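Participant:
Protein chains: 2
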Amino acid sequence: MYKINDNYQKLPGSYLFSTIGKKVNAYSEANPDKQIIRLGIGDVTQPIAPAIIEAMHKAVDEMGKAETFHGYAPDLGYEFLRSAIVKNDYQARGCDIAMDEIFVSDGAKSDSGNIQEIFAQDNRIAVCDPVYPVYVDSNVMAGRTGTYNPKTEMWSDVIYMPCTMENGFVPEFPKETPDIIYLCLPNNPTGTTITKSQLQTWVDYANKVGAVIIYDAAYEAYISEDDVAHSIYECEGAKTCAIELKSFSKNAGFTGVRLGYTVVPKELKCGDVSLNAMWARRHGTKFNGAPYIVQRAGEAVYSEAGKAQLKEQVAYYMKNAKAIKEGLKEAGYTVFGGVNAPYIWLKTPEKMTSWEFFDYLLENANVVGTPGSGFGPSGEGYFRLTAFGSYENTLAALERIKKL
Amino acid sequence: MYKINDNYQKLPGSYLFSTIGKKVNAYSEANPDKQIIRLGIGDVTQPIAPAIIEAMHKAVDEMGKAETFHGYAPDLGYEFLRSAIVKNDYQARGCDIAMDEIFVSDGAKSDSGNIQEIFAQDNRIAVCDPVYPVYVDSNVMAGRTGTYNPKTEMWSDVIYMPCTMENGFVPEFPKETPDIIYLCLPNNPTGTTITKSQLQTWVDYANKVGAVIIYDAAYEAYISEDDVAHSIYECEGAKTCAIELKSFSKNAGFTGVRLGYTVVPKELKCGDVSLNAMWARRHGTKFNGAPYIVQRAGEAVYSEAGKAQLKEQVAYYMKNAKAIKEGLKEAGYTVFGGVNAPYIWLKTPEKMTSWEFFDYLLENANVVGTPGSGFGPSGEGYFRLTAFGSYENTLAALERIKKL
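Read top to bottom, the protein sequences are chains A and B.
Residue 406 is where the first sequence ends in this note's numbering, and the numbering goes up by one at each step.
Residue 406 is where the second sequence ends in this note's numbering, and the numbering goes up by one at each step.
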């Protein structure tokens, strides 16, 4: 008789955003007249930029003619896209990353979930708390997290690095030495970040203790301050300790287009074993490339027209972020983030729990946000709002919140 | 110090098609004047059908306008696609499969590689031999296959079910009882298949011994004979023992478009645990949906115009298959397959090994095929040619082979 992977049974409840979706649907069905404004899940609302639409139409046409049809893509992704990535995201910032260190994928969520596969089961992971749930859940599924304590909402074998008001949302080196450190900067969910020199201390720490950093740079396009690194490879020594994950979802609105990439430097080695070669093997065996049309869309992100249009799109969302931050402050809330990231992290009022505030906001303002506790125990008492709505909806949501 | 997943180190050589690609590139660079005809990797050559191109253009336009923009897709895939799948691929064949048993993905290769994750590590897998390499390699990566014997090219903990001339390429129930049985029918690489009543005996066997069948139906569209099942759910009792994987790569030429789906029936349970719920959790945690544009392309596969155009496309490739089969017979080769599948499986002449014949064909006819031994030890002495080239190239390749 076959047996299942028991680790799945350890997962408490369902994936955070599925739970939110179900709650909102239930409310919506019971109250069909209410106009719900969704500032919960980090999904974008602005349409794909014209330069990218044009590139996709062109690629669709190519797929319709035998002479220009494209079948299976090269394992790592098309060179036209990888060279645009290298040039714009790395060389332009003085980072020496080569084409064959870039692995194009169907998105950073898949990569975030899959990257742990190339590590041994008995590695100890460290995560910021609160944190994007996929890092922990994918390690639970792999049996790397020990047992779950429903009271503390913590896993026995996970090292948590609290990021709260008290430490300015800057993770501290943990007491126990981790093997794999997940860092998402600028941060989801808190919307905060750390300086380049603070990041350098993490790179030095990882190199010293022999840890690998999984660096999620999905929100890099929202950085507005000069002393914040856009890539971990801006830090000296990062190529011997860090893997970087990048998304096109937030900088170019590709949540429904699906594209991302992972950087695994060739200098990153565990003894003699190249992690670049391991990831290449994983990529070649269990994945078959992002669609040609989507890779052409990715290339257009780096065109002159694309860059100009996306700069405007990012500015649009950051105008929302500013409006939310200032509006909530006026309404008496304590708020964080929103300067280098499209997320606003607020303290729930009157000691409400995160889920109490979720229900309160849904029922009384018909606004959907994300409960901080869904991201980890140190997120309790906090709440996330995203700047990814339309400007009109964002202002409308704020008006409703101010009236509460 | 972090540690890697040592199972990766056990993998011999590189992924089969990467090796072929490298060999062909090397030959091509050394002989730039030679016109190489590729009948190796199972990649298609016909352009995407007009009805699908039209649907993609429409979807691209939708993505460019705020009112019709689509962000994150529903976890299981859009209902418009899942309902078309249910209606056309299942209800039309009398199979009672529900919408929430369909999981839309970026392709059957990803699903083939990932599906093993929901099973315990100590399950025993059984595969046909020869076999699509992903089934075995993904289990090697998960540590489920024991040790590799380079002499026999077999894994100590894998149950091999030889499919050769001698048994008419019909797998026999293994002596040892497997937990997970991979069946790809019509078969890649042999191009052969089994009858519906033979498949029924496998379903009965799996239910009896408590095994789960991973049924890869990627080549279903090429079935031309009446007594062959298009879905395993045509067999009685399959819903309690089988997961079905489907691809759009071969029936609609989506190798570069990327779309597939997996069926996990709700009746499929291990004790109390629903495998449908497990796969839903995996899908929701480590994947973020196929692109909206691609899901609309998938919907168009089932439109009246799409169906008519794809019927022609399949017929085009099957004309190639017939030409290869008859041409090779005329040239004195012993050939199999090509009736219900787009693959021709031939005995190598003069007791050449599969790789010897690969080199011989590449160097003397400039034709690329796939060495049978790359699919498993029982593939030694065989060779695969695909019908996915253009008709002109297929005929040209045959002329060259006949002249050898």
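The beta-carbon is built from N, C-alpha and C at its ideal position, and this holds for glycine as well.
Because the structure is a prediction, the values reported are computed rather than measured.
Tell me A244(A)'s beta-bridge partners as DSSP assigns them.
Facilitator: As a first step, residue 244(A) is located in the first sequence; it is residue number 242 there, counting from the start. Partner(s): I215(A).
Participant: Taking the beta strand (DSSP E) that K349(B) falls in, what are its first and last residues?
Facilitator: Position 347 of the second sequence, counted from the start, is the residue given in the question as residue 349(B). Residues Y345 to K349.
Participant: Identify each residue in the stretch 108-120 of chain B for which the Cβ-Cβ distance to at least one residue of chain A is less than 7 Å, and report them in chain order.
Facilitator: Answer set for the stretch 108-120 of chain B: D108, G109, K111, S112, G115, N116, E119 and I120.
Participant: Determine which residues of the stretch 54-79 of chain B have a Cβ less than 7 Å from any Cβ of chain A, and write them out in chain order.
Facilitator: Going along the stretch 54-79 of chain B in chain order, one finds I55, M58, H59, V62, M65, G66, K67, A68, F71, H72, G73, Y74, A75 and D77 with a Cβ nearer than 7 Å to chain A.
Participant: Cutting at 8 Å between CB atoms, please list the residues of its own chain near N278(B), excluding the five before and the five after it.
Facilitator: Residue 278(B) sits at position 276 when you count from the first residue of the second sequence. Here the set comprises D102, E103, V266, P267, K268 and L270.
Participant: So with Cβ pairs under 8 Å, would you call A122(B) a contact of chain A?
Facilitator: Numbered from its first residue, the second sequence carries residue 122(B) at position 120. Yes, contact with chain A.
Participant: What residues from the stretch 155-169 of chain B come within 7 Å of chain A, judged by C-beta to C-beta, listed N to C?
Facilitator: If the cut-off is 7 Å between Cβ atoms, the stretch 155-169 of chain B has nothing near chain A.
Participant: Taking 8 Å as the CB-CB cut-off, is Y10(B) touching chain A?
Facilitator: Indexing the second sequence from 1 puts residue 10(B) at position 8. At least one chain A Cβ lies under 8 Å of Y10(B).
Participant: Scan the stretch 270-283 of chain A for residues whose Cβ lies nearer than 9 Å to a Cβ of chain B and list them as they occur along the chain.
Facilitator: From the stretch 270-283 of chain A, only C272, G273, V275, L277, A279, M280, A282 and R283 have a Cβ closer than 9 Å to chain B.
Participant: Could you say if the stretch 257-264 of chain A and the stretch 224-233 of chain A meet the contact criterion of at least three C-beta pairs nearer than 8 Å?
Facilitator: No contact exists between the stretch 257-264 of chain A and the stretch 224-233 of chain A.
Participant: Between which two residues does the beta strand (DSSP E) carrying G262(A) extend?
Facilitator: Here residue 262(A) refers to the residue found at position 260 of the first sequence. Segment G262 to V265, the beta strand (DSSP E) holding G262(A).
Participant: Evaluate S107(A) with the Cβ neighbour count: other Cβ atoms within 10 Å of its Cβ, from every protein chain shown; 16 or more gives buried, anything less gives exposed.
Facilitator: Taking the first residue of the first sequence as 1, we reach residue 107(A) at position 105. Answer is buried; the Cβ neighbour count reaches 16.
Participant: Please confirm whether A223(A) and P180(A) have their CB atoms less than 8 Å apart.
Facilitator: Here residue 223(A) refers to the residue found at position 221 when the first sequence is read from its first residue. Here residue 180(A) refers to the residue found at position 178 when the first sequence is read from its first residue. No, they are not a contact pair.
Participant: Run the CB neighbour count on A299(A), radius 10 Å, all protein chains shown included, and call it buried at 16 or more, exposed below.
Facilitator: For the purposes of this step, residue 299(A) is identified with residue 297 of the first sequence, where counting begins at 1. Buried, by the Cβ-count rule.
Participant: Apart from the five residues on each side of it in sequence, which residues of its chain come closer than 6 Å, Cβ to Cβ, to F19(B)?
Facilitator: Residue 19(B) sits at position 17 when you count from the first residue of the second sequence. Excluding positions up to five away in sequence, the list reads I43.
Participant: Given a cut-off of 8 Å on the beta-carbon distance, is the pair G371(A) and G383(A) in contact?
Facilitator: Counting from one through the first sequence, the residue named residue 371(A) turns up at place 369. Counting from one through the first sequence, the residue named residue 383(A) turns up at place 381. Cβ atoms of G371(A) and G383(A): not closer than 8 Å.
Participant: Given this structure, state the Cα-to-Cα distance separating R402(A) from E365(A), to the nearest angstrom.
Facilitator: Working through the first sequence from its first residue, we reach residue 402(A) at position 400. Working through the first sequence from its first residue, we reach residue 365(A) at position 363. C-alpha separation (whole angstroms): 11 Å.
Participant: Based on Cα-Cα distance, which residue from E155(A), G79(A) and Q118(A) lies nearest to Y184(A)?
Facilitator: The residue labelled residue 184(A) in the question sits at position 182 within the first sequence. That would be Q118(A), whose Cα lies nearest to the Cα of Y184(A).
Participant: Taking 8 Å as the CB-CB limit, is M101(A) close to chain B?
Facilitator: Start at 1 with the first residue of the first sequence, and residue 101(A) comes out as number 99. It does not; no Cβ of chain B falls within 8 Å.
Participant: With distances taken Cα to Cα, identify the nearest neighbour of Y345(B) among A57(B), K252(B), E394(B) and N90(B).
Facilitator: Reading the second sequence from its first residue, position 343 is the one you call residue 345(B). Of the candidates A57(B), K252(B), E394(B) and N90(B), the one whose C-alpha sits nearest the C-alpha of Y345(B) is K252(B).
Participant: Measure the CB-CB distance between T47(A) and G391(A) and report whether it falls below 8 Å.
Facilitator: Sequence index remark: in the first sequence, residue 47(A) carries index 45 (1-based). Sequence index remark: in the first sequence, residue 391(A) carries index 389 (1-based). Yes.
Participant: Taking 8 Å as the threshold (C-beta atoms), are A208(B) and C243(B) in contact?
Facilitator: As a first step, residue 243(B) must be located in the second sequence, where it is residue number 241. As a first step, residue 208(B) must be located in the second sequence, where it is residue number 206. Yes. Within cutoff.
Participant: Might you give, ordered along the chain, the residues of its own chain that have their beta carbon closer than 7 Å to the beta carbon of A240(B), omitting 5 neighbours on each side?
Facilitator: Working through the second sequence from its first residue, we reach residue 240(B) at position 238. For A240(B), where only same-chain residues beyond five positions count, the Cβ hits under 7 Å are V205 and I234.
Participant: Would you mind sorting K327(A) into buried or exposed? The rule is 16 or more other CB atoms within 10 Å of its CB.
Facilitator: Sequence index remark: in the first sequence, residue 327(A) carries index 325 (1-based). Looking at its Cβ environment, which holds 16 or more other Cβ atoms inside 10 Å, K327(A) is buried.
Participant: Please state the DSSP three-state secondary structure of L387(B).
Facilitator: What you label residue 387(B) is simply residue 385 of the second sequence in a count that begins at 1. Here L387(B) sits in strand by DSSP.
Participant: Ordered along the chain, which non-local residues of its own chain (more than five positions away) have a Cβ less than 8 Å from that of D124(B)?
Facilitator: The count along the second sequence starts at 1 and reaches residue 124(B) at position 122. R146, listed in sequence order.
Participant: Kindly identify the DSSP beta-bridge partner or partners of Y184(A).
Facilitator: Here residue 184(A) refers to the residue found at position 182 when the first sequence is read from its first residue. Looking at the DSSP assignment, Y184(A) forms a beta bridge with V129(A) and I216(A).
Participant: Residues in the same chain with beta-carbon distance under 8 Å from D77(B), minus the five sequence neighbours each way, listed in chain order, please.
Facilitator: Along the second sequence, read from residue 1 onward, the residue named residue 77(B) stands at position 75. Counting only Cβ-Cβ distances below 8 Å, and skipping sequence neighbours, we find A282, H285, G286 and G291.
Participant: Of all the options G96(A), Y221(A), R84(A) and P49(A), which has the alpha carbon lying nearest to the alpha carbon of C237(A)?
Facilitator: Looking up residue 237(A) in the first sequence gives position 235. C237(A) has its Cα closest to that of G96(A), out of G96(A), Y221(A), R84(A) and P49(A).
Participant: When DSSP labels each residue in this structure, what does Y150(B) get in the three-state scheme?
Facilitator: Here residue 150(B) corresponds to residue number 148 of the second sequence, with the count starting at 1. Looking at Y150(B) - three-state DSSP - the assignment turns out to be strand.
Participant: Kindly list the residues whose CB is nearer than 6 Å to the CB of G329(A), restricted to its own chain and excluding five residues on each side of it in sequence; keep chain order.
Facilitator: One-based indexing of the first sequence puts residue 329(A) at position 327. Hits under 6 Å: L400.
Participant: In chain order, what residues of the same chain have a beta carbon less than 6 Å from the beta carbon of V303(B), not counting five sequence neighbours either side?
Facilitator: Translated into the one-based positions of the second sequence, residue 303(B) becomes position 301. Contacts found: A254.
Participant: Among A367(B), F338(B), F360(B) and I127(B), whose alpha-carbon lies nearest the alpha-carbon of E168(B)?
Facilitator: Your numbering for residue 168(B) matches position 166 in the second sequence. Selected option, being the one with the closest Cα: F338(B).
Participant: Should F82(A) be labelled buried (16 or more other beta-carbon atoms within 10 Å of its own) or exposed?
Facilitator: Locating residue 82(A) in the first sequence gives position 80, counting from the first residue. Flag for F82(A) reads exposed.
Participant: Using only CA atoms, which one of V369(B), C165(B), K111(B) and I55(B) lies nearest to L41(B)?
Facilitator: By 1-based counting over the second sequence, the position of residue 41(B) is 39. L41(B) has its Cα closest to that of V369(B), out of V369(B), C165(B), K111(B) and I55(B).
Participant: Pick out the complete alpha helix (DSSP H) segments inside the stretch 293-340 of chain A, 4 residues or longer, and give them in chain order.
Facilitator: The qualifying runs are 294-303 and 306-332.
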